[in-house]
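S.K.: Protein chains in written order, with my numbering: chain A, 151 to 308; chain B, 151 to 308.
We treat Cβ as the ideally placed atom computed from N, Cα and C, and that holds for glycine.
Questions regarding the structure given below will be posed in turn.
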DNA sequence: AGCGCATATGTTATAACATATCAATACGAG
DNA sequence: CTCGTATTGATATGTTATAACATATGCGCT
């Protein structure tokens, strides 16, 4: 799995490809990618940075798509539940998923300075967490794996 | 490592032992465990649940130790930096560390219903995260590993 | 078409979490 | 004792998130 985000890549293609996949994913699963939801996803895809709900709301408001907090939070809830967006708990912020489709357990590398986020493979997490859980009868529903630090560019700047 | 929190144990001893260890830890490191900080730690230790900063503040306020948010946040910042308390990012809440001393990378099992939290071993996280980080030049400063779900008691209740 | 149900949006208000700032005080090293 | 640093007190504000209720839209069914 790649750690896309700190590497150069064809970003326009990356965005439009992701949108297309999101559309077919919603179609396949009977989910409705309404204008606000679709635009919210686009805004997040245009960055590889985590955006706060109010950052997103500001963009939506400019475009007349709604100006109250619930507009942003509803769109984000939908996108997160659909697996199209991840919440970065360490920042209380959100980032578009860059490799939709797989039922994945993501792990994130998060730059505390520029909020650039790379999505890595966290598939090993449920394995070792699962051991502890089994011992106690705990049932895991969701895992969060986040590493914060400095990306290469921000190390150079400092 | 244990997953203390979902098991019965001698809680009074667990608390007083932890306080004693915190005292010597602070002494050894030139840190000042002032009355507010000490009481904040006690309050957190008395639960194995995550408490919000304002939950803590309410207790401190009752006892005349301060009633403004910065009182709670300053105490929590100190305790987190000292390694005596962990922040649970998924809940924006805080929990006392139950095995102080070791320079540890904790992993948490968090009940979304009762907020009971068990601290497990997350030492494998930096290993596999480290690989992804090395590939990109990212420097990890801190890791968050949290699994949310239902504890045995809350499964039974449901 | 008209009805009924589920989903989605609009809107107001407020809850919950967190920090900036500045003044006052306590503490320890020299 | 005095200087510098750490801590506390206090006010205000910033940021993130949800509750609650009204309205509108989409869609299957008769």
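1. What's the gap between the Cα of residue 231 of chain A and the Cα of residue 216 of chain B?
2. Between residue 246 of chain B and residue 259 of chain B, how many whole angstroms is the CB-CB distance? I'm expecting something under 8 Å.
3. Just to confirm the assignment, what range does the alpha helix (DSSP H) spanning residue 173 of chain A have?
4. Shorter than 8 Å from the beta carbon of residue 274 of chain A to some beta carbon of chain B?
5. Between the Cα of residue 220 of chain B and those of B/265, B/266, B/207 and B/177, spot the shortest distance and give me the residue it belongs to.
6. Is there a Cβ from chain B that is less than 8 Å from the Cβ of residue 302 of chain A?
7. Could you list the residues in the segment 277-297 of chain B with a C-beta less than 7 Å from some C-beta on chain A, going in chain order?
8. With respect to the beta strand (DSSP E) encompassing residue 261 of chain A, which residues constitute its N-terminal and C-terminal limits?
9. Quick check for students: name the residue ranges of the beta strand (DSSP E) that lie wholly in the segment 262-286 of chain B, counting only runs of 3 or more.
10. DSSP puts residue 244 of chain A in a beta bridge; with which residues?
11. Keeping to the same chain, check which residues put their C-beta closer than 8 Å to that of residue 267 of chain A; ignore five residues upstream and five downstream.
12. So, residue 210 of chain B versus residue 189 of chain B, is the Cβ gap smaller than 8 Å?
13. With a threshold of 8 Å between beta-carbons, can residue 257 of chain A be considered close to chain B, or not?
14. Go ahead and pull the three-state DSSP assignment for residue 213 of chain A.
15. What is the DSSP secondary structure of residue 307 of chain A, reduced to helix, strand or coil?
M.R.: For this structure:
1. 40 Å
2. At roughly 16 Å, the Cβ-Cβ gap does not stay under 8 Å, so residue 246 of chain B and residue 259 of chain B are not in contact.
3. 161-178
4. yes
5. B/207
6. yes
7. 278, 279, 282, 283, 285, 286, 287, 288, 289, 290, 291, 292, 293, 294, 295, 296 and 297
8. 256-261
9. 267-271
10. A/201 and A/237
11. 155, 198, 199, 200, 238, 245, 258, 259, 260 and 261
12. yes
13. yes
14. coil
15. helix
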